Amino acid sequence: AQSVAQPEDQVNVAEGNPLTVKCTYSVSGNPYLFWYVQYPNRGLQFLLKYITGDNLVKGSYGFEAEFNKSQTSFHLKKPSALVSDSALYFCAVRVPYSSASKIIFGSGTRLSIRP
Amino acid sequence: NAGVTQTPKFRILKIGQSMTLQCTQDMNHNYMYWYRQDPGMGLKLIYYSVGAGITDKGEVPNGYNVSRSTTEDFPLRLELAAPSQTSVYFCASIPGQGSYEQYFGPGTRLTVT
Numbered sequence: 001a002q003s004v005a006q007p008e009d010q011v012n013v014a015e016g017n018p019l020t021v022k023c024t025y026s027v028s029g030n031p032y033l034f035w036y037v038q039y040p041n042r043g044l045q046f047l048l049k050y051i052t053g054d055n056l057v058k059g060s061y062g063f064e065a066e067f068n069k070s071q072t073s074f075h076l077k078k079p080s081a082l083v084s085d086s087a088l089y090f091c092a093v094r095v096p097y098s099s100a101s102k103i104i105f106g107s108g109t110r111l112s113i114r115p
Numbered sequence: 116n117a118g119v120t121q122t123p124k125f126r127i128l129k130i131g132q133s134m135t136l137q138c139t140q141d142m143n144h145n146y147m148y149w150y151r152q153d154p155g156m157g158l159k160l161i162y163y164s165v166g167a168g169i170t171d172k173g174e175v176p177n178g179y180n181v182s183r184s185t186t187e188d189f190p191l192r193l194e195l196a197a198p199s200q201t202s203v204y205f206c207a208s209i210p211g212q213g214s215y216e217q218y219f220g221p222g223t224r225l226t227v228t
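Laid out in structure tokens, this is it:
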């Protein structure tokens, strides 16, 4: 069965430091992977995706993610954190062969950036 | 474009009451989805639709119904509300097959007491 895991409920980082939010996946076939961000009382916003090609994908707000097939991971990264990056982050994987482009979400990681 | 809009923003229901959560998108997207978000659980897919007149169940469809009479609207119906349906509900859409980035509405926070 397809699944995605975010092992950390919360990540705390000082402003200006690099940040990493971890995600691992389990899926049959080639994975289509996504990161979404949710600000308080808002819907989710798409950050970036990996479909194929370069293992390092760049997205919105200076975020990037590294696809690692051997470790089945898709960690979200940013070189220098901002207080405004504080939010809830979700990793997601597309259900293979889904004609409706269904995706499965991880449980979320709350990122807190302290000034 | 307003994108994906949802009404109401908040609602409190008594056990056994019914209600409809509204979802409308003005992007001419074919595919639409309903999710519920419970604390620490991520999002679970309730129902989805790949076009007007076509709907199908997701992971957690029990206690809900949907219809899709137009491309724009995808309402979610709760017939007999139960405390287990207390959650935040999100509607999302994508243009269609081959598209992957989902566009989300702002959500409806529902409490059943």
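Residue numbers (this note's numbering), protein chains in the order written: chain H, 1 to 115; chain V, 116 to 228.
A virtual CB, placed ideally from N, CA and C, is assigned to each residue, including glycine.
Please read all numbers here as calculations on a predicted model, not as lab measurements.
Cutoff 8 Å; reference residue i; Cβ partners in own chain excluding five residues on either side
{"i": "residue 51/H", "result": "32"}
{"i": "residue 118/V", "result": "140, 141, 142, 218, 220"}
Beta strand (DSSP E) segment containing residue i, residue limits
{"i": "residue 73/H", "result": "73-78"}
{"i": "residue 54/H", "result": "Counting along the chain, residue 54/H falls outside any beta strand (DSSP E), and DSSP gives it neither H nor E."}
{"i": "residue 37/H", "result": "33-38"}
{"i": "residue 172/V", "result": "169-172"}
{"i": "residue 215/V", "result": "Note, residue 215/V: premise wrong, no beta strand (DSSP E); not H, not E."}
{"i": "residue 161/V", "result": "158-166"}
{"i": "residue 196/V", "result": "Note, residue 196/V: premise wrong, no beta strand (DSSP E); not H, not E."}
{"i": "residue 42/H", "result": "Neither: residue 42/H is in no beta strand (DSSP E) and is coded neither H nor E."}
{"i": "residue 6/H", "result": "Where residue 6/H is concerned, there is no enclosing beta strand (DSSP E), given that its DSSP letter is neither H nor E."}
Residue closest to residue i, alpha-carbon to alpha-carbon, out of the options
{"i": "residue 207/V", "options": "123/V, 128/V, 146/V, 198/V", "result": "146/V"}
{"i": "residue 200/V", "options": "122/V, 163/V, 224/V", "result": "224/V"}
{"i": "residue 61/H", "options": "70/H, 48/H, 55/H, 69/H", "result": "48/H"}
{"i": "residue 65/H", "options": "71/H, 56/H, 72/H", "result": "56/H"}
{"i": "residue 209/V", "options": "144/V, 175/V, 134/V, 136/V", "result": "144/V"}
{"i": "residue 45/H", "options": "228/V, 226/V, 135/V, 205/V", "result": "205/V"}
{"i": "residue 135/V", "options": "194/V, 213/V, 154/V", "result": "194/V"}
Close Cβ partners of residue i (< 6 Å) along its chain, the five nearest in sequence each way excluded
{"i": "residue 16/H", "result": "80"}
{"i": "residue 78/H", "result": "19, 62, 63"}
{"i": "residue 28/H", "result": "96"}
{"i": "residue 73/H", "result": "24"}
Close Cβ partners of residue i (< 7 Å) along its chain, the five nearest in sequence each way excluded
{"i": "residue 120/V", "result": "139, 220"}
{"i": "residue 83/H", "result": "15, 113, 115"}
Fill in: Segment contact flag, the region 88-106 of chain H with the region 157-175 of chain V, C-beta cutoff 8 Å, min 3 pairs
yes
Worksheet item: Name the residues in the region 204-222 of chain V whose C-beta lies less than 9 Å from a C-beta of chain H; which are they?
Response: 205, 206, 207, 209, 211, 212, 213, 214, 215, 216, 217, 218, 219, 220, 221, 222
Discussion item. Counting only Cβ-Cβ distances shorter than 7 Å, please list the residues of the region 146-166 of chain V near chain H, keeping chain order.
Written reply: 146, 155, 156, 157, 158, 160, 163, 165
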